[in-house]
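Residue numbers for the first sequence, in my numbering: 1 to 418.
Cβ coordinates follow ideal geometry from the N, Cα and C atoms, glycine included.
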Amino acid sequence: MRIQAPRGTEDLLPSQSHKWQHLEREFFALTRLYGYREIRTPMFEDIELFKRTSGETSDIVSKEMYDFYDKGERHICLRPEGTAPVMRAAIEHGLLNQGTTLRMSYAIPFFRYGRPQKGRLRQAHQFGLEVIGSPSPAADAEIIEIVASYYERIRIGKVQVMINSIGRAECRAKYREVVLNHFGAYLLDLGEDERDKAQKNPLRLLDSKDPKAAELKASVPPIVNYLEDEAKVNFETLQSLLTEADINFRLAPDIVRGLDYYTDTVFEVVSDRLGAQSSLCGGGRYDGLIRELGGPPTPSVGVGMGIERAILVLESLEVQFPEAKAIVYVVQATDDAGLACRTLARTLRNQGLETHLDLDGKKMAAQLKQADRVGARFAAIIGTDELASNAVTFRELETSSQETIPINQLGQRVKERL
RNA sequence: GCGGGUAUAGCUCAGGGGUUAGAGCGCCUCUCUGUGGAAGAGGAGGCCGCGGGUUCGAGACCCGCUAUCCGCCCCA
1 MRIQAPRGTE DLLPSQSHKW QHLEREFFAL TRLYGYREIR TPMFEDIELF KRTSGETSDI
61 VSKEMYDFYD KGERHICLRP EGTAPVMRAA IEHGLLNQGT TLRMSYAIPF FRYGRPQKGR
121 LRQAHQFGLE VIGSPSPAAD AEIIEIVASY YERIRIGKVQ VMINSIGRAE CRAKYREVVL
181 NHFGAYLLDL GEDERDKAQK NPLRLLDSKD PKAAELKASV PPIVNYLEDE AKVNFETLQS
241 LLTEADINFR LAPDIVRGLD YYTDTVFEVV SDRLGAQSSL CGGGRYDGLI RELGGPPTPS
301 VGVGMGIERA ILVLESLEVQ FPEAKAIVYV VQATDDAGLA CRTLARTLRN QGLETHLDLD
361 GKKMAAQLKQ ADRVGARFAA IIGTDELASN AVTFRELETS SQETIPINQL GQRVKERL
């Protein structure tokens, strides 16, 4: 059988890579303005890292880890998310407690062993941001503001951010009981999945799509009614900061998120253009995570934004991506012009112009065809005639207009016409 | 991990037991010996996803596998 890409992985082809490059450029340019610096961590980690942070009963850990044993019998996991590795690195390299708030950005592949479908891959990619060391809701607001402004900047448009607060341990313990009591006897009517959730993490009953559960959850009092005083104040402050920043947000009592490490603020942005995998990005605060990993208690907040999903939305909106267009195609019209053509191509490249040259001794017509095909704007033609007068025929492909000019004026002429 | 659909040329897709498997687009050559796109003519290109089975005969029917799509679970 012919070897194909592993299940749930994708090749990024040359015709598509400009889209990714564009999104990456915009992401790092924008976040740099807020003081974020890129961090790169390994693609795989000791599996314990994720077991400790995401929670043994979370879906990611219990069934979606892409793990294996290496030749040294180490239990390795391809990272299923971005936050825990960054925190591990921050602790390991002593980035904490240096008297400043740490802001880090990253663009990474991550891996989850699930059943692929549109917008869900085994190897997917995300942009991530982490603000480490600030307990303030201003940090939450900053992250959300960046996310909203990023989606606007890449022309997904003005998005609505769904926010919620799930408080801390005390609040959640109380709220677990509230949810369980509320569902109470009806639990028996629900499906196996829902009963399983009730066992492991009752909060997750709230994002169930089961019709009966949906009916029941509508009448559960929202978790924000049970927040600790401080959590409550923070959540209110966050809302007023978002209002002040003109962010379009909505309270979403049913977003609870699948990872154990979240505290207080959780949020996500969804799109109706993504089918079942509707989440464009998700994030929240994780004040306990660093201590869980053996670091000093360090309140932090972060977000992960799906790259494939952003591109799916942009494609469905038919947004045009800036495309790297070939600029000049140097055409060798006669056999004696080889040296002149190669020299000209070098000169143009030294002037910063993308320049293509036929490698295979194709006929002139075929070279022009190539020029057309690679999307060149101009052809620069040299043959015996031009050679004699140190000239070049400068042709604009779209209009078919051409003129013969001194060869040393070509670079400037091209730049004038761009 | 569960349920359902799909798999034929580079791409989009027809063909539903019977000789040498088709179309459109794309590609190559020529008409056109220093000029791309248009038109015409010619041409190349298929383990019909993989493996097994039924049959005189399988691209077609059956089973398994793999991949992909849709939904569930879950999430980016």
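Handout entry: residue 339 to residue 406 span [Cα, whole Å]
Key = 17 Å
Exercise for the section: Go to residue 106, then tell me how far its beta strand (DSSP E) extends in each direction, as first and last residue. Expected result: 102–111
Handout entry: Three-way DSSP call (helix, strand, coil) for residue 302 in this model
Key = strand
Practice task
Could you tell me whether the Cβ atoms of residue 78 and residue 50 are closer together than 7 Å?
Solution key: no
Handout entry: Close Cβ partners of residue 349 (< 6 Å) along its chain, the five nearest in sequence each way excluded
Key = 355
Practice task
State buried or exposed for residue 374, treating a residue as buried only when at least 16 other CB atoms are found within 10 Å of its CB.
Solution key: exposed
Handout entry: Backbone secondary structure at residue 347 - three-state DSSP
Key = helix
Practice task
Starting from the Cα of residue 309, find the closest Cα among 246, 294 and 282 and give me that residue.
Solution key: 282
Exercise for the section: Output the boundary residues of the beta strand (DSSP E) element that contains residue 224. Expected result: Where residue 224 is concerned, there is no enclosing beta strand (DSSP E), given that its DSSP letter is neither H nor E.
Exercise for the section: Mind checking who residue 124 pairs with in its DSSP beta bridge? Expected result: 110
Practice task
Decide yes or no for the touch test of the region 35–44 against the region 14–23: beta carbon pairs closer than 8 Å, at least 3 of them.
Solution key: no
Practice task
Drop a sphere of 10 angstroms on the beta-carbon of residue 244, count the other beta-carbons inside from all chains shown, and report buried for 16 or more, exposed for fewer.
Solution key: exposed
Exercise for the section: Buried or exposed for residue 148, please, with buried defined as at least 16 other CB atoms from any protein chain shown within 10 angstroms of its CB. Expected result: buried
Problem - Environment of residue 218 [buried if 16+ CB atoms lie within 10 Å] - result: exposed
Practice task
Return the first residue and the last residue of the alpha helix (DSSP H) that residue 248 is part of.
Solution key: Run containing residue 248: none; DSSP gives neither H nor E here.
Practice task
Evaluate the contact criterion for the region 94–110 versus the region 288–306: three or more CB pairs, one atom per stretch, below 8 Å.
Solution key: yes
Practice task
Any chance you could list the alpha helix (DSSP H) runs of at least 4 consecutive residues sitting entirely within the region 324–391, in chain order?
Solution key: 338–350, 364–373 and 384–388
Exercise for the section: Tell me whether the beta-carbon of residue 328 lies closer than 7 Å to the beta-carbon of residue 378. Expected result: yes
Problem - Three or more C-beta pairs below 8 Å linking the region 115–124 and the region 263–283 - result: yes
Exercise for the section: Look at the alpha carbon of residue 3 and the alpha carbon of residue 60, and state the distance between them as a whole number of angstroms. Expected result: 28 Å
Exercise for the section: Would you check if the distance between the CB atom of residue 192 and the CB atom of residue 208 is smaller than 7 Å? Expected result: no
Exercise for the section: Give me whichever residues DSSP pairs with residue 68 in a beta bridge. Expected result: 76
Exercise for the section: From the DSSP output, in three-state form, read off residue 404 for me. Expected result: strand
Exercise for the section: Give the range of the beta strand (DSSP E) segment to which residue 268 is assigned. Expected result: 263–270
Handout entry: Residue burial classification, residue 317 (beta-carbon count within 10 angstroms, cutoff 16)
Key = exposed
Problem - residue 184 (DSSP reduced to helix, strand or coil) - result: helix
Practice task
Select from 127, 176, 291 and 74 the residue whose C-alpha is nearest the C-alpha of residue 21.
Solution key: 127
Exercise for the section: Sort out for me which residues DSSP pairs residue 394 with in a bridge. Expected result: 380 and 403
Handout entry: Rounded separation between residue 230 and residue 202 - CA only
Key = 23 Å
Practice task
Taking residue 326 as the reference, give the member of 67, 353 and 81 with the closest Cα.
Solution key: 353
Practice task
Compute the Euclidean distance between the alpha carbons of residue 292 and residue 146, then round it to the nearest angstrom.
Solution key: 27 Å
Problem - residue 223 and residue 166 closer than 7 Å at C-beta - result: yes
Handout entry: Helix, strand or coil at residue 234 according to DSSP, with G and I counted as helix
Key = helix
Problem - the region 266–273 / the region 92–99 touching (three or more Cβ pairs under 8 Å) - result: no
Problem - Beta-carbon proximity check, residue 344 vs residue 330, cutoff 7 Å - result: yes
Handout entry: residue 54 and residue 241 closer than 7 Å at C-beta
Key = no
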